[in-house]
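Numbering (my numbering), first residue to last: 779 to 1245.
Structure below.
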């Protein structure tokens, strides 16, 4: 209770985040249009169904946000949203090129085509929707760019004024390179910015990707979450949760958060074997293992996975999985009596994946121990797989470095041979000059010949005969 009194309450909020608008527009896409969106790296979002925002649950998390630590505080411990969370929940790539905007970025031709100017680098969502409407069933580059801007403005980077920064258009100029950006990390950082802004400025508007925060809550704690869908996609994880309305009052969430025990929190999401088979997840796992290997060997300086977005946003970098270690067990308290029927947790344990640890309230002690042992063994196996992949990548990089050094040395050989040939030529010239300097002059040669001749003459008659 003292903790609540010392915390600044943020109350309810308004938002321009619109999951319903996004889902409705997705349903209108043709097969060719969906394929085009998948090709640029946003296909996983097209599978996410409509979710109603549970504002009382979200507000409870907002109150626990620490602006300096950029994390939520639970039992004096920190719990934050990481790049791996964004990849698993939304299916967005969280490695690759950072997203960087500056106020000095020149106004591009594409921005002007969407109505942006130097004095107002914004594009209204109403203008984007009208443009999509006019494109109809077309599946050209204009459609892809416009639909991506629609995704940004409705669910990934919604703004409080119903507009989106026009500089996003510049990132979409080369559609072949769009999938190379770290969109997942940028979404996390944008959400962090809005959480901090709401807490510090006490604003009533809350933007950012709120569905990420809501599904992230479902994945980490069992308070107020809906049932798991038995016949849904396992990836991204936003697809596997039911979307039932939640009319639970705010004070119920506050009480449950206060009663939450550490072993009821999943402090870190672990990818399953199925998840690791997906490129964007495997990239994160391998990169994280490489960073850990570099830290342990001291061979290089660790670099954080970051994405910086507009100058007033994303002021702090996000580091992959840098949260405290902790338990991975789910809640063991039966909360079904306190929760309305439509928000109770499903009792069917078959829908839980291998790496998502779930402890049922009706499980016996023996079943809990088996589940814990199974999770530990599975965790060790996944870790071993990660380690093997990491060792292989590190060893391959070492071999590449050695080859590069060898090639560098080989590339110097022709230069050395050329220098040796030049030196040999200079030496020959010097020898020739020395020989010329040492040789006697022509006059000296004549005098020497005369002397040699007369050395053999005995008297004047010999001279006369010679003549």
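All residues carry an ideal CB built from backbone N, CA and C; glycine is no exception.
Outcome for residue i when other beta-carbon atoms lying within 10 angstroms are tallied against a minimum of 16
i	result
residue 1043	buried
residue 819	buried
residue 967	buried
residue 873	buried
residue 1073	exposed
residue 971	buried
residue 896	exposed
residue 853	exposed
residue 939	exposed
residue 1034	buried
residue 847	exposed
residue 985	buried
residue 944	buried
residue 822	buried
residue 1198	exposed
residue 1208	exposed
residue 860	buried
residue 1206	exposed
residue 1201	exposed
residue 936	buried
residue 858	buried
residue 1027	exposed
residue 884	exposed
residue 1136	At residue 1136, the pLDDT of 37 sits below 50, so the modelled position is not reliable; the number obtained from the coordinates is stated separately. Burial call: buried.
Distance between beta carbons of residue j and residue i, contact taken as under 8 Å
i	j	result
residue 1067	residue 962	With 8 Å as the limit, residue 1067 and residue 962 do not qualify as a contact, their Cβ atoms being about 18 Å apart.
residue 1007	residue 1018	6 Å
residue 808	residue 915	5 Å
Sequence-distant residues of its chain with Cβ nearer than 8 Å to residue i (five each side left out)
i	result
residue 1161	Caution is warranted here: a pLDDT of 46 is assigned to residue 1161, below 50, making its placement in the model unreliable, and the coordinate value is therefore given only provisionally. Cβ within range, chain order: n/a, list empty.
residue 732	With the chain represented from 779 up to 1245, any question about residue 732 goes unanswered, as that position is not in the structure.
residue 910	803, 921, 924, 925, 928
residue 850	839, 842, 843, 844, 856, 857, 858
residue 824	804, 807, 812, 815, 816
Distance CB(residue i)-CB(residue j) smaller than 8 Å
i	j	result
residue 793	residue 1021	no
residue 907	residue 921	no
residue 934	residue 924	no
residue 791	residue 837	yes
residue 840	residue 988	no
residue 994	residue 867	yes
residue 1013	residue 1054	no
residue 965	residue 870	yes
residue 953	residue 919	yes
residue 742	residue 1047	Since the first residue of the chain shown is 779 and the last is 1245, residue 742 is not available in this structure.
residue 978	residue 845	yes
Same chain only: Cβ atoms within 6 Å of residue i, ignoring 5 sequence neighbours per side
i	result
residue 957	818, 819
residue 811	917
residue 999	1043
residue 795	936, 988
residue 800	932, 933
Contact set for residue i: own chain, Cβ-Cβ below 7 Å, skip 5 residues either direction
i	result
residue 832	992, 1002, 1024
residue 959	874, 875, 877, 949
residue 1061	873
residue 798	828
residue 1168	Caution is warranted here: a pLDDT of 47 is assigned to residue 1168, below 50, making its placement in the model unreliable, and no coordinate value can be reported.
residue 1010	1017, 1018
residue 982	791, 792
residue 893	901, 905
residue 1031	834, 835, 838, 1001, 1002
Residue i Cβ short of 7 Å to the ligand FAD heavy atom set
i	result
residue 840	As far as ligands go, the structure on display features none, and thus does not contain the ligand FAD.
> Counting Cβ pairs, one atom from each stretch, are 3 or more of them under 8 Å apart for the segment 888-908 and the segment 944-959?
Replying inline: Contact between the segment 888-908 and the segment 944-959 is present: three or more C-beta pairs spanning the two stretches fall below 8 Å.
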